[in-house]
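Everything on this sheet refers to the single structure shown next.
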C-alpha cells in the first residue's frame, strides 16, 4: 500500500505473519498481549533502545554545537542573525523530506538520521541558551563586577547558572521533538520505534501499531518528566523561593 | 553546491510540469488539515475560554500543552489507525489530538490574563457572564488566542505530510514515494508543504486582523507582548515555527 524507500521497502513485511500465532493475532484484534510477550525481546525492546540511543546522540551533539554557538554570539552579536537564519531554515524542512534529501549525501546510514535530528535541535537549543545568558539582570552583572569577578568568572559563576532554567526548557523541547522525529527516521534505517510502526502500518496490524506507538509516546513523556526533575535539582534557588 | 542547486531547479520544474498532481495533492492536504483544525477549534476554544474566564484549571491548561508537545505525531497517527483503520478520518482525528493542546493553552492563558479591572468594570456596568466573555474578554484576548491557532495551523499543515504513511493522502504521498516521483518530486512536494504552512499561517494572521475590533488594532501589539511575557517566562517566541519540523 505504501511505497516506501529505504529498508522498509527493501526487507518487506517481516511481522506480522497473520498465518501463525494465536487466534488474536490471526484475527488482528486491537491488542494481543501474547504477541507483545513473544516479540518484546526480539523487536520492541531493541527498537526502544535504538530510539533512546538515536535521541541521546542527536541531543548531545546538538547541545554541544548550540552551547558553543551561544557562548560565541553572547559576546559577538554579529554572528547571531546568520546563525538563527540558518537554524530556522533547517527547522522548516519537513522531516520526511530532509531524511530523503540527505540520503544521496550520506547514504542509508545512522549518520543521515543524526545529521537531520541534530539540525532540528539547533534552533530550539541555541535560542534558549542565548536567551538564558541574556536574561541575567543588569544589576546582577553590576554586582558581580563590583565584587571583582573577571569576565570568565562572571560567565561560569553568574551567567551560566542563571541560564539553567531557559536552557532546560529548551532541552525539554529538543528532547521531546527529537523523540518524535526519530520515529520518522525509520524511512532511512531499520532502527527506532518508527520501524515497527511503519511495518505494522503496511499491514494495519493493530497490536504492533498500538504498542510501538504507545512506547514512543511513553518514552517522550518519561523523558520530559526526567528533565523537569533534573531542572529542579540544578536550580536549588528556585525551589527555595517556591517554598516561601 | 551546484548539485544541490540542480536538485532545487529540478524540483521547481517538477512542480510546474506536474502541476495537476501537485494541485490535487495540495487540495487533499488542505482538506485534511482544514477538517482537523475545524474540529480542534470547536473542541478547544470553548474549553480554553471558559477555563480562562473562571480562572480555573491552570494546571490542566498548562500541562495539556506540555503533554501535547510531547506526543510524537507518527505515533499518534499510528494509534489512530489502530482504532479506526487506514484512511482520512483516522489521520484527521490524530491531527485533532495534536492541534487541541496549543489552542486550549493559549485560549486559557489569554482569557485568564485579561486585566481584572476591565472585567470588574464590565460587571459593574451590569453585563452578564456571557456578555463579559464575548464583549470584553474575547476581544482583549484575541491576539494570544490567535497565536495558539497559528501554532496549531502550522503544526497541522506540516504534520499532515506524515498522513501519507497512513493512507490519509496529501502532499506526503509524493514525499514518501521517491521510487515513483524521484528526488525532484520529493523536494518539490516538500517545498510545497513549507509554502503551504507559511501561507496558512499568513491566512490565519489576516483573519485575526479582520476579527480584531478597530479600537484594539493599535494597542494589540503592546498587549500581546505583555501577556506573553507574564504567561510563559522561559518559552521563547517559537510559536510561529513551532512544529514546522514535523
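Residue numbers (this note's numbering), protein chains in the order written: chain A, 5 to 248; chain B, 5 to 250. C-beta atoms are modelled at their ideal positions from N, C-alpha and C, and glycine is treated no differently.
For residue 191 of chain B, the enclosing alpha helix (DSSP H) covers residues 182–215.
Within chain B, no C-beta atom comes less than 7 Å from the C-beta of residue 150 of chain A; the nearest is roughly 27 Å away.
Contact between the stretch 185–194 of chain A and the stretch 109–118 of chain A is present, with at least three C-beta pairs closer than 8 Å. Cα atoms of residue 40 of chain A and residue 86 of chain B: separation of roughly 15 Å, rounded to the nearest angstrom.
Close partners of residue 85 of chain A in chain B (Cβ separation under 7 Å) are lacking, with about 15 Å as the shortest Cβ gap. Pairing residue 128 of chain A with residue 171 of chain A gives a Cβ-Cβ distance that is not under 8 Å.
Closer than 9 Å at the C-beta level to chain A, one finds these residues of the stretch 63–83 of chain B: 70, 71, 73, 74, 75, 76, 77, 78, 79, 80, 81, 82 and 83.
For residue 89 of chain A, the closest alpha carbon among the candidates A:28, A:61, A:149 and A:130 is that of A:130.
Around the Cβ of residue 226 of chain A, a 10 Å sphere holds fewer than 16 other Cβ atoms; the residue is exposed. Take residue 92 of chain A, set aside five residues on each side of it, and the residues of its chain with a beta-carbon closer than 8 Å to its own are 127, in chain order.
Within the same chain, 116 and 192 come within 7 Å of residue 107 of chain A by CB-CB distance, once the 5 residues on both sides are set aside. Fewer than three beta-carbon pairs drawn from the stretch 65–73 of chain B and the stretch 121–129 of chain B are found closer than 8 Å, and the two stretches are therefore not classed as touching.
Closest in C-alpha terms to residue 166 of chain A, from the list A:111, A:142, A:36 and A:69, comes A:142. Residue 145 of chain A and residue 67 of chain A have their C-alpha atoms spaced approximately 25 Å apart. Excluding sequence positions up to five before and after residue 105 of chain B, its CB lies within less than 6 Å of the CB of 68, 69 and 72, all in the same chain and listed in chain order.
In the same chain as residue 90 of chain B, and ignoring 5 residues on each side of it, the C-beta atoms closer than 7 Å to its own belong to 170 and 171, in chain order. Of all residues in the stretch 194–214 of chain A, only 198, 201, 202, 205, 208, 210, 213 and 214 place a beta-carbon less than 7 Å from a beta-carbon of chain B. Beta-carbon to beta-carbon, residue 223 of chain A and residue 52 of chain A are separated by about 7 Å, close enough to satisfy the 8 Å threshold.
Taking 8 Å as the threshold, the shortest C-beta distance from residue 198 of chain B to chain A falls below it. The C-beta of residue 228 of chain A comes closer than 8 Å to at least one C-beta of chain B. When DSSP states are grouped into helix, strand and coil, residue 195 of chain A belongs to the coil group.
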